[in-house]
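Have a look at the structure below before the remarks.
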């Protein structure tokens, strides 16, 4: 026993007491942030804000400076706020740094408080931060959200989310009077055959008809523009003065706007014929005019974030249809809703599962959080039966006290009429997180010569070879090269030149290389150079200098004076007249438009483009290129978006095996407080006394 006691005593004697860790100071934190910036872990912009706060508040707590730098870094990655509790408990869950950077991160965190309450208290002591309920004195930071899950904001993003939630709630709760029997009669005519099951398209039309704000979401081929065309016809049929109805179409990019206009025009013309001339829809088509980008619609001005149209000068519109809403960031959404007249309707169309906007916010994803579940109240279910003849299944119902007003104005279309084959099955597998199913589909189709192709661990040159080399049944840039070569002589005249230009533009739109990243051999820049060189070796193009015939370009900055906007894609071609130089032609209806190359200062070559930039576009064949160096950019939504750009064929080429599975298992999650603002506004409405209906509106209170 004595030996055991002695041994025990000796073991404890050998234990060294843990050295105390000195608490962080503002100076030490700024020094650490600077080191991280020099290592490329943070941007200079991220630490600039922390330095600014330290200069303005000499007593700024270390926690405030750290949280601010991380907040600005998060905003640059598309988040509108910083979940403080997550940062305190596990900073790398927020930052997602490489393993070799974790030692320094953990060392700093050892010098900071470990309790969320201590961080909150430290932040609240600064005069540069206000809580959501405190007076606004221009503080650059706002701490909001529930006490157990606080959210730190840059002031303007707090304002954007609050404004968007207020506008959406006001528009969702105010309902217009609807003659249900008349609406159902028109829907019966527009949707000719009785549905075998619940018809979400009919419901979407009826729901949008009664509100000032609506969302119609669904994947490719579910008929979003088909549905909204019937909604426009329904509005035209039921409006007291249809000849005065002012309709505007818009989308975030020029390509998406053009596709929206073409789709709606085609649907309305088809519907005009099927209705036997009961409605003069051709007049409606003519009066709508061209679809515009959101920047053009709002009157973007150079060198300012402000728009020409706003609350004090609203848009001249009764109905606004906005497509590709997943691309709209929270700042743009706030500006758009602010510019809408109080009596106007706005209908947002989009796929909630696509990539979110490049800038901060994931607005459509937040708005459609309950779209799949429905969450329709008894009042909405009664209206669906009366106006659309549709009995809402019990699985999609909810008690009025458990549903948001927004949910009553949101409809998810669920049946794809275009993506029933392998491409649709692959998109569904990716969207559901089933990597094994996705890989099996790709492998089986590759083996059997189907619509899908897979090549993992391929060398970089195989990507551009696939893009330019002719092969039986392969859709790639060979069609574009052949169209370029078919240029008519100048003597053939302007009409022949216009036909040639259109054929070149259509050929280029058949195929596209989509990348996850911009840099490297597997990125946009490397592949653009490789494809350019390969086509030049074939004699299809002759790149001498920046501009040459056949150079496809993407506009990277809005220029309202020229009528070009970020995301527009055109092809550089000789003008119709001899000696008139090169011009960039854009595929618009009814004829292409053109701009002289000397006037286009902000463009980049576009044989390859990022998946983000491809949103709003479709191609017969899409090749998605996954780089092993894509990092956190490589996520489920990126792969899903790339797949759903393809109409007839899809190719996946990855630099290394396993990248597809890794991406599918990494859904994008953006920090946002928008849903919390919407829930807060809903609670306030439920607690408020009932209001008398005014101007055809009825409050959403049961």
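Numbering (the numbering used here), first residue to last: 1140 to 1841. Beta carbons: idealized from backbone N, C-alpha and C, even for Gly.
I'd like to confirm the pairing. Which residues does DSSP put opposite residue i in its beta bridges?
i, result
"residue 1273", "Paired residues: none, contrary to the question."
"residue 1654", "1749 and 1764"
"residue 1725", "1709 and 1732"
"residue 1355", "1488 and 1550"
"residue 1281", "1269 and 1292"
"residue 1793", "1595 and 1765"
"residue 1390", "1432"
"residue 1459", "1387 and 1485"
"residue 1703", "1698"
"residue 1744", "1692"
"residue 1515", "1536"
"residue 1468", "Partner(s): none; residue 1468 has no beta bridge."
"residue 1816", "According to DSSP, which records beta bridges pairwise, residue 1816 is partnered with nothing at all."
"residue 1446", "1439"
When every heavy atom of the ligand MN is checked, does at least one fall within less than 7 Å of the C-beta of residue i?
i, result
"residue 1217", "What this structure holds is no ligand at all, so the ligand MN is not there to describe."
Less than 8 Å separating the beta-carbons of residue i and residue j?
i, j, result
"residue 1226", "residue 1233", "yes"
"residue 1193", "residue 1187", "no"
"residue 1498", "residue 1391", "no"
"residue 1591", "residue 1753", "no"
"residue 1526", "residue 1331", "no"
"residue 1202", "residue 1162", "no"
"residue 1550", "residue 1681", "no"
"residue 1373", "residue 1317", "no"
"residue 1369", "residue 1329", "yes"
"residue 1777", "residue 1574", "no"
"residue 1759", "residue 1788", "yes"
"residue 1505", "residue 1465", "no"
"residue 1792", "residue 1594", "yes"
"residue 1803", "residue 1563", "no"
"residue 1782", "residue 1394", "no"
"residue 1266", "residue 1338", "no"
"residue 1775", "residue 1806", "yes"
"residue 1711", "residue 1679", "no"
"residue 1278", "residue 1294", "yes"
Output needed for residue i: all residues of its chain with C-beta closer than 6 Å, excluding positions within five of it in sequence on either side, in chain order.
i, result
"residue 1509", "1546"
"residue 1673", "1603 and 1607"
"residue 1143", "For residue 1143, the predicted structure reports a pLDDT of 40, less than 50, and the residue's modelled location is therefore unreliable. The matter cannot be settled from this model."
"residue 1741", "1695 and 1696"
"residue 1156", "The predicted position of residue 1156 is uncertain, since its pLDDT is 48 and thus under 50; a value taken from the coordinates is nonetheless stated next. So no residue of the chain qualifies."
"residue 1531", "1515, 1520 and 1523"
"residue 1836", "Note that residue 1836 scores a pLDDT of 35, beneath 50, so its modelled location is shaky and nothing firm can be said."
"residue 1722", "1714, 1733 and 1735"
"residue 1638", "none"
"residue 1825", "none"
"residue 1158", "Model confidence at residue 1158 stands at a pLDDT of 48, short of 50, so the residue's coordinates are unreliable and nothing is read from them."
"residue 1448", "1437, 1438, 1454 and 1478"
Spatial neighbours of residue i within its chain, please: CB distance less than 7 Å, with the 5 preceding and 5 following residues excluded, ordered by chain position.
i, result
"residue 1609", "1617"
"residue 1731", "1640, 1641, 1644, 1724 and 1725"
"residue 1727", "1397"
"residue 1589", "1561"
"residue 1212", "1181, 1182 and 1185"
"residue 1816", "1300, 1301 and 1304"
"residue 1685", "none"
Assuming residue i and residue j form a contact by the criterion Cβ under 8 Å, report the distance between their Cβ atoms to the nearest whole angstrom.
i, j, result
"residue 1427", "residue 1456", "11 Å between Cβ atoms; not a contact."
"residue 1360", "residue 1576", "The pair is not a contact, with the Cβ atoms about 19 Å apart (cut-off 8 Å)."
"residue 1548", "residue 1367", "Between residue 1367 and residue 1548 the Cβ distance is about 14 Å, and since that is not below 8 Å, they are no contact."
"residue 1821", "residue 1356", "The pair is not a contact, with the Cβ atoms about 20 Å apart (cut-off 8 Å)."
"residue 1399", "residue 1430", "5 Å"
"residue 1743", "residue 1693", "6 Å"
"residue 1311", "residue 1544", "4 Å"
Within the same chain, show all residues whose beta-carbon is closer than 8 Å to that of residue i, passing over the 5 residues directly before and after it, in chain order.
i, result
"residue 1833", "Below a pLDDT of 50, predicted positions are generally treated as unreliable, and residue 1833, at 39, falls in that range; the measurement from the model is reported next regardless. Closer than 8 Å at Cβ, skipping near neighbours: no residue."
"residue 1433", "1389, 1390, 1391, 1461, 1467, 1471 and 1475"
"residue 1282", "1223, 1259, 1262, 1263, 1268, 1269, 1270, 1271, 1289, 1290, 1291 and 1292"
"residue 1365", "1340, 1402 and 1406"
"residue 1659", "1665, 1766 and 1768"
"residue 1236", "1180 and 1244"
"residue 1218", "1499, 1809, 1810 and 1811"
"residue 1257", "1202"
"residue 1823", "none"
Mind pulling the beta strand (DSSP E) runs of 3 or more residues that sit fully within the region 1559-1636?
-> 1591-1595
Ranges of the alpha helix (DSSP H) found wholly within the region 1184-1265, counting only runs of at least 4 | 1201-1215, 1223-1228, 1230-1234, 1241-1248 and 1255-1263
Runs of alpha helix (DSSP H) lying entirely within the region 1294-1354, each at least 4 residues, in chain order = 1294-1312, 1319-1329 and 1339-1348
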